[in-house]
Amino acid sequence: MNDSSKSFSLKNSFPDLTGQTLNNRYRLHQAIGTGASGTVYVAVDLNTSQRVAVKVLNPSLSSDNKFLERFYREAKKVSSLNHPNILRVYDWGVDGSPYLVTEYLGGGSLRSILMTGYRLTPGQTLLVGLEACKALAHAHERGIIHQDIKPANFLFGQDGVLRISDFGLTNALRETTQSETPIEGFTGTVRYASPEQASGQKLNGSSDIYSLSIIFVEAVTGHVPFLTDSLAGTLKARIGKSVPTPESLGPLGPVVQQAGMTDSSNRPTAERVRRMLLEVAPSLPRPTALPLVGPGEIGAAPLSGEVTTVTPQKEEVFKEPRRIRSVGPKRRWPAVAAAALLLAGAITGGIFLWQNTQAEEIAVPSVAGRPIEETYERLIKLGWTVEERYERRDGTVEGQLLGTDPPAGSFYETDQSVAIIISLGPTRVEIPSEIQGSTLEEATQLIEEVGLAVGQVTSTYSEEIAEGFVIGSLALSEDLPRGSSVDLEISDGPPPRIIPEGLVGQEVAEVQNVLAALGLNLEIVEEYSSEVEAGLVSSISPQEQSEVNFGSTVVIGISLGLMPRPVPDVIGLDVVSAEMRLQSAGFLVIAVNGTESGVVTAQTPIAGEMAIPNDTIELVTE
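Numbering (my numbering), first residue to last: 125 to 746.
Structure representation (structure tokens):
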């Protein structure tokens with residue numbers, strides 16, 4: 125697969141910077157790939173003499189201040205991702221063109237493997253998925269979403285370990301003309317886009333999980349689900365669709381089914397997918413080594429771009445033994461690494477010349493607590509094939525080396541397999557579902573009974589859970605290592621309500637329905653009003669637009685109309701004087717029976733009687 129005569133045509137034309145030095149530090153030796161956004165070079169860091177990969181972006185971006193600001197921000201954020209399965213970012217800057225400096229990997233990409241026509245077995249796909257999930261879980265926990273998960277961004281070192289590249293660059297390129305897909309509002313690569321990407325919705329970590337499920341299917345079958353002859357058609361075909369699960373996936377089918385669900389809220393987290401993969405590992409055959417293509421292949425080092433071009437450079441044969449690590453808590457998947465130590469002579473025409481070694485019995489060394497890589501090398505040098513066995517053990521941490529099988533001190537033939545036992549961490553226990561709706565005291569008892577402890581307790585509003593009762597845990601998963609603390613969330617009851625506007629002057633029944641729907645209690649009082657017609661709501665207390673607690677009492681006033689008033693005594697007054705006195709008392713409708721210039725001899729209603737201001741006051745004169 126490492127035929128140095130292979131070459132591929134370039135998709136994009138960028139200036140050839142071979143032989144140049146960026147910022148007096150990074151000497152560019154050879155272009156190993158190009159994508160939509162730039163070219164990747166093998167380079168040497170003159171300050172450290174370290175070989176690195178340098179992604180040089182389109183020169184036009186150097187004048188895009190908005191891009192540069194986002195580029196610097198994203199690069200700084202991604203450089204903080206310190207994880208063995210994430211491509212390390214060393215440096216970034218601008219020298220004619222923006223550039224990004226990363227670690228150099230010599231094993232090629234998953235895209236380059238697939239483009240040779242090779243199809244991964246479910247077991248090989250599971251191994252790739254495990255490492256990808258570790259990287260994504262690490263990034264998602266820190267609020268970083270990849271947004272462009274695809275085989276070209278799955279890179280391998282010569283150690284066979286997966287690193288995911290291109291974290292952050294998609295974000296930086298999103299609002300530029302250099303994005304790979306010329307579809308407005310779209311971020312990522314169409315072939316692996318999630319339904320929410322296709323719909324232009326806000327993304328979260330579950331979008332990366334959907335893209336990962338697409339990769340699983342392609343790796344095994346060679347086909348990308350929903351792929352059409354146009355970008356827009358592919359996006360349209362994916363909306364509202366879950367990823368299909370062909371039979372060839374085998375035990376991986378249920379994992380892909382959940383990871384590829386169309387509703388993002390129903391997809392598992394990256395950590396959950398990793399545990400699901402571990403659960404199905406024992407049912408899969410032993411995987412063989414991936415046929416890594418080396419750096420001179422499509423997708424070997426680029427950080428972005430679906431199609432990459434290369435002109436391979438012949439490299440020295442890697443002299444260290446490669447290892448394929450087995451996975452699964454119970455099943456032993458043997459590594460093929462030790463066979464590399466049996467190689468003798470040169471690799472000529474793809475023919476491996478093997479030598480046999482004579483077995484001898486030697487004592488298995490004590491390796492508990494030692495670094496795994498160091499242990500691998502030590503046991504392989506002693507002549508054993510190394511397998512991995514995973515188990516949970518309380519009092520340990522994930523990744524801790526527990527010992528060997530056979531145990532330390534045992535005499536064992538050197539041509540046999542030795543299993544190193546690696547901890548998956550303490551026994552995981554489920555958080556009791558019964559804690560929801562219980563009191564804090566009850567929840568504490570339930571949690572402690574399963575070997576967990578109550579951690580931080582916070583409170584928030586809840587429409588469903590009554591005040592003072594547990595809403596649930598804040599854990600990212602449904603189960604935790606034994607001894608872990610569980611942060612709880614306590615209900616403060618429903619959130620405050622806002623009394624709507626426009627209720628005064630409405631029918632009483634309508635206002636009652638509105639306030640009752642808000643969970644507010646009502647008290648009705650009758651009151652006189654000079655502004656609101658009798659029978660309608662004349663006042664609300666607290667006032668409209670006020671914030672009140674759920675279950676508070678709101679007083680609504682029902683208008684009785686105008687307030688009655690005592691009729692003044694006007695007998696003995698002339699008509700003009702009588703009308704003036706009545707008007708000053710609020711009575712405006714006055715009828716006179718008799719002469720207009722006469723004296724009032726009678727009045728109806730009589731003096732002191734209560735009357736509505738709108739009522740007619742009748743005067744009798746002589």
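No residue lacks a Cβ here, since even glycine has one placed at the ideal position from N, Cα and C.
Could you give the DSSP three-state label for residue i: helix, strand or coil?
i	result
residue 144	coil
residue 189	helix
residue 322	helix
residue 600	coil
residue 726	strand
residue 195	helix
residue 496	helix
residue 529	strand
residue 663	strand
residue 753	Nothing can be reported for residue 753, as the shown portion of the chain is limited to 125 through 746.
residue 244	coil
residue 152	strand
residue 739	coil
residue 107	Not covered by the structure: residue 107. The range shown for the chain is 125 to 746.
residue 546	strand
residue 429	The predicted position of residue 429 is uncertain, since its pLDDT is 33 and thus under 50; no value can be drawn from it.
residue 515	strand
Tell me which same chain residues have a C-beta within less than 8 Å of the C-beta of residue i, skipping the five on either side of it?
i	result
residue 395	257, 261, 600, 601
residue 144	151, 152
residue 713	738, 739, 740, 741
residue 142	152, 153, 154, 155, 165
residue 217	146, 147, 223
Using the rule of at least 16 other Cβ atoms within 10 Å of the residue's Cβ for burial, across every protein chain shown, is residue i buried or exposed?
i	result
residue 568	buried
residue 340	buried
residue 382	buried
residue 157	buried
residue 362	buried
residue 397	buried
residue 648	exposed
residue 366	buried
residue 542	buried
residue 646	exposed
residue 701	exposed
residue 391	buried
residue 521	exposed
residue 239	buried
residue 179	buried
Out of the options, which one is the CA nearest neighbour of residue i?
i	options	result
residue 516	403, 671, 338, 386	403
residue 399	603, 228, 729, 359	603
residue 717	727, 711, 708, 362	727
residue 580	565, 518, 609, 552	609
residue 660	493, 548, 414, 680	680
residue 561	615, 582, 740	615
residue 372	672, 670, 243, 674	243
residue 621	213, 644, 286, 218	644
residue 225	638, 350, 147	147
residue 725	696, 139, 416, 163	696
residue 319	386, 380, 346	386
residue 513	650, 265, 405	405
residue 275	343, 139, 251	343
Between residue i and the rest of its own chain, which residues show a CB-CB distance below 7 Å, the 5 nearest in sequence each way excluded?
i	result
residue 171	149
residue 291	202, 205, 210, 263, 268, 270
residue 575	553, 606, 607
residue 686	652, 654, 736, 737, 738
residue 169	149, 150, 176
Tell me residue i's beta-bridge partners as DSSP assigns them.
i	result
residue 734	690
residue 591	Answer is none; residue 591 lacks a bridge partner.
residue 717	744
residue 565	DSSP lists no partner for residue 565.
residue 535	487
residue 289	According to DSSP, which records beta bridges pairwise, residue 289 is partnered with nothing at all.
residue 179	164, 224
residue 577	609
residue 645	677
residue 358	Its beta-bridge partners do not exist; DSSP assigns none.
residue 216	224
residue 614	583, 594
Once the 5 residues before and after residue i are set aside, which same chain residues still bring their CB inside 6 Å of it?
i	result
residue 281	229, 231
residue 490	532
residue 642	621
residue 368	349
Against chain C, does residue i count as a neighbour if the rule is that its beta carbon must be under 7 Å from one of theirs?
i	result
residue 674	No chain C appears in this structure, which consists of one protein chain only.
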